[in-house]
Structures are given as C-alpha cells and as structure tokens.
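Converting from the sequence shown to our numbering requires adding 662 to each position, the first position being numbered 1.
Backbone N, C-alpha and C fix where the C-beta goes; we use that ideal spot for every residue, glycine too.
Keep in mind that this is a model prediction, so the values were computed, not measured.
Notes to accompany the following structure.
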Amino acid sequence: MRFIVCLSAGLAIIVAGLLKAFGHVPLLEAFRRTLSVVSLFLLMVGGLDGWVRFCSVKLRTDRWYFRPVDLYISGTLLLGVGLLQPVEYIGSFPLIVLVLLAFLLMVFSFGCAFNLRWRISATKFEQHCRSAGVVSGSGEPPDFIAEFSRGRAVTLYFRPRGTDRERMETERLANEYNGHFESFHECGAGSYQYDYGTGTLPGRFELTVKEAVNRAQAAAHADAAPGRGQLYIGESFSRSVVITLTEMVHLLIGGETGCGKTTVLLGLIRQLIAQCVDIVLIDAKGTDYKGIESKLKAYVFESEKFLSLITALVSKMDERYQQARTGSDDFVPLVLVVDELADVVSGKDGKEIQLGLERIAMKGRAARIHLILATQRPDVRVLDGQLRDNLPCRLIGRLKNLDMSVKLIGSGASAKLPATPGRFIWSRGLDELQVQVPLILSEGESG
C-alpha cells in the first residue's frame, strides 16, 4: 500500500507541475488544482501510514537507525515536490500548508520502509537464537538493532537483553553455537555483531547442512588438459576457493574425528577423476572408498603393501626425471592420496614409508607427482618437520590442541572452529580462510 500511495502522489505532483507550464487555461487550471489536492491527500495518507508503521516497529525494538540512503531519497523527494507543488494557492487554499507536514511524514515513511525490511532479518535472527538456545534468563533472544551488507557477508547488530550476567551467558552460548553465529564479538556501546554467509549455495553455513554438488558440477572446473583444471575446495565468506593441481603441489588435510576429512578426500578424488588424473590411493581403514576403486590407478588397503607402493612411486618419479632430461615432460599427473597417514607410518615399515613420502614431497612437483595426505593426528610423530614443510597447502579441520594449530597454519584458527562437519581452515602461504567444503556426489548418488 505504501509504495502505491507514494507512487500515485509522485505522479500526481509531476503532472500538476507539467500542467503549470501551459499557463492559465481555465480547464487545465481546474484539473491542476484537483491534482494538487489529490497529491496532498496521498502524501498525507502515505505519511500517516509511515508513522503508524514506525510506531509499531518502535514498540518492538529499543533502537532505530536512519541509513544515509533513506535521507538521500527523502531529501530528493522533498526538493522535487517543493518545486512542482503549486504553493501560490496558499491564500485560496490554506490546507496546502500541510504539505510541509506531509513531507516530514514521507521522510519517516521511507525510513520505516527500510526498518521494516530489517525486521524481516531480525525475525530470522531471533529464530536462530531461540533454536540455538541463545536467550537471556527470561527466555528472550538478543534485541535486534540494524543490518548492514558488505559483499557476501551480512552483519546484524544487536544488544543482549537482561542483566550483565545474562549478557555474558548469551555471549558464551553464541560462541558455543558458532555454526549459527560465525562471528560474535563486542563492537562497542554494549552491542554485538553477528556475521553469517550469503551467496549462491543456500544454507552453506548452517550448523548441520552439507551442500551436495554432483559430479557434472565438479567437472565444470576442468578443462581439456588432464590435471590442468581447477579443484573446488569450498566456500569462504568472501569467495569460492579453487586451485589447480599445479598450484597446489601437495596438500595436507588434518582434523579430529568427524570434521569431514573423508568427505574432502572423496570430493577431491571425484574431481581428479573427472580431469583424467591418475590416482593412487592408500586407505588404511579400507572402508570408505567402495564404488570408486575401479576408477583408480591403484587402490591399496593392506598394510604389508604400503611400502612397496611408495617405493614404486619413488621409482616412477626418478623415471620421469630421466625422461624430462631427454625433453619428454608431458606427463599425466599422478596423485598419491593417503587416508589416515598415522596408521600408514605406524607399522614396521613406517620409517621407510616416511622417507619415501619426503622424497616425493621434495621432488615430485617437476615429475607431476602430487601428495594429498590426510591424518587425524598431524603431530611430529606422524609428520616430521621436513615432510610437513614441503606440504605448502593445508586444509585443517577442528583441532583440540591450540599449539598444533599454530604449528600447522601459523595461528590458532583451527582450534577455534565450530564443531560443524565440513568446516576447515584453508591455508596457503599468507592466505588463510575459513571454508565450508561441499559434499560432492557421483551421478546417481544422493545426499
């Protein structure tokens, strides 16, 4: 209703102003006066509607903000209407002085329109709070203040309700439910801010949601040359994280049980298969890769075969180096994927296996042989310093050990991750991003 009223008033005012240019033609003059009265009436109705809505919103929130855009729009309308309105009839039509009041009401009406839009976000926010248990002692969610957008992130400003103790409890609960509340920290004047992701994948940052991306969508990042396409790692707040195999070189995937390491590996393997890359998989658990073994170059889950496979790959690397010296270096990429490195290197051949992995990590790039190593315990007993230092890309899930997080990615970010399946810290050089990895399914599968 408010939009129709304001639009009608604007059109009536513009027509009245245009008719003024035709001089004092009696018929047109009468029509112009009628339009003037109608426009004033519509302006006042729109303004009163704005006041009513403003008061209803005011009763539900403690604070209300004018955004600059509201003032710009309202000021432009005020100027335009003031120029076109036939104010010379004040003497014969005293009620026309109410146009100033109508202008003021219009200003508040436009402001209320934005505030009502914020209330929609506020309602969703309060529902999140209630579902997560982030409420005061009396059961009230934090009080919504305003919303601001920046890129793909939206910031909602709010104030916790209740006593100081209840406010502290609200903050603690919100931090526990960091899957709902990506960033929850004090931003001054007793207010807090809550950031959540937006973008093309709805629900990406919900606590329990995994996004299903089928094989065809994953293959869309590939190009004609094997291994030259981009690998889709996941979504951060600011952008999609993609990288080519050549840029990645080697990848370390770490994190505690249940953080989604196997989901990451399955997604990467399916993307590499779509790019016609040779994949060698060492699976210490032997249970998670049924259905894709036939698409792999080699699949080994017996511990007694681990060393012989690593030795064969080292020989393959040396062979490619010899071929490169003769000018033949157009190799099909070969990726060694190790699921649960700790189990692989803990056996009797563990030392030799680790030495073989170190050689591949140091020299494999030129031979187009790459490592993707996943482990639940990325400590020094599993990853010595030389091997770890030659794995330039890290995808680290939640870790309980703060020191381990610092050693792996240079900060404690992994120790502060929410307990959300598929949530990782992507680290490459100075690039550190919190990402949500997708659940990439083959054709015919469902999430």
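In the structure shown, what three-state DSSP assignment does residue i receive?
i: F993; result: coil
i: F968; result: helix
i: D1041; result: coil
i: L1139; result: Absent from the model: residue 1139. The displayed extent of the chain is 663 to 1109, so no value can be given.
i: Y894; result: strand
i: E909; result: helix
i: V962; result: strand
i: D885; result: Residue placement at D885 cannot be trusted, given a pLDDT of 45 that sits under 50; what the coordinates show is reported in the next sentence. The answer is coil: DSSP assigns D885 none of H, G, I, E or B.
i: V797; result: coil
i: I915; result: strand
Can you give the Cα-Cα distance for residue i and residue j, rounded to whole angstroms?
i: G865; j: G922; result: Note on G865: pLDDT 29, under 50, position unreliable in the model; the coordinate value appears next. Using only the alpha carbons, I get a separation of about 17 Å.
i: A1077; j: S1067; result: 6 Å
i: V749; j: L689; result: Residue confidence for V749 is low, a pLDDT of 48 falling below 50, so the modelled location carries little weight; the figure read from the coordinates is stated next. Looking at the two C-alpha atoms, the distance is approximately 19 Å.
i: G948; j: F963; result: 5 Å
i: F993; j: Q985; result: 10 Å
i: T924; j: L913; result: 14 Å
i: P995; j: L1079; result: 33 Å
i: G1072; j: K952; result: 36 Å
i: G1047; j: Q937; result: 32 Å
i: E981; j: L975; result: 10 Å
i: G799; j: R1085; result: 31 Å
i: E1094; j: V926; result: 18 Å
i: L893; j: D1011; result: 32 Å
i: V903; j: I1031; result: 22 Å
i: T723; j: G801; result: Here the model assigns T723 a pLDDT of 40, short of 50, so the residue's position is not dependable and the matter cannot be decided.
i: T919; j: P1083; result: 10 Å
i: V999; j: R792; result: 43 Å
i: R1050; j: T988; result: 32 Å
i: L971; j: L930; result: 21 Å
i: L1064; j: P803; result: 32 Å
i: G917; j: D940; result: 26 Å
i: L1092; j: K978; result: 33 Å
i: V942; j: V997; result: 6 Å
i: I915; j: E1002; result: 10 Å
i: V1097; j: K967; result: 35 Å
i: V911; j: G891; result: 14 Å
i: S898; j: G1026; result: 29 Å
i: I944; j: R901; result: 32 Å
i: L1045; j: L1057; result: 15 Å
i: A1029; j: G1018; result: 15 Å
i: P1100; j: I895; result: 8 Å
From which residue to which residue does the beta strand (DSSP E) around residue i run?
i: L1061; result: From DSSP, L1061 is part of no beta strand (DSSP E); its letter is neither H nor E.
i: D940; result: D940 to D945
i: A1036; result: I1031 to T1037
i: T906; result: S902 to T906
i: R1027; result: Segment: none, R1027 is in no beta strand (DSSP E) and carries neither H nor E.
i: S1089; result: R1085 to R1090
Quick check: is the beta carbon of residue i nearer than 8 Å to any beta carbon in chain D?
i: V1042; result: In summary, chain D is missing from the structure at hand, where a single protein chain is found.
Give a single yes or no on whether residue i has its beta carbon closer than 7 Å to a heavy atom of the ligand MG.
i: F1086; result: Among the components of this structure there are no ligands whatsoever, and the ligand MG is therefore not found.
Specify, as a first and last residue, the run of the alpha helix (DSSP H) that residue i falls within.
i: L927; result: K923 to A936
i: E1094; result: Counting along the chain, E1094 falls outside any alpha helix (DSSP H), though it belongs to the beta strand (DSSP E) covering D1093 to Q1098.
i: D1005; result: L1003 to V1007
i: G1047; result: G1047 to D1051
- prompt: Any chance the segment 896-907 sits against the segment 1009-1029, with 3 or more Cβ pairs inside 8 Å?
  reply: Three or more beta-carbon pairs separated by less than 8 Å are not found between the segment 896-907 and the segment 1009-1029, which leaves the two stretches without contact.
- prompt: Are three or more beta carbon pairs between the segment 955-971 and the segment 1032-1048 nearer than 8 Å?
  reply: Output reads no: the segment 1032-1048 does not touch the segment 955-971.
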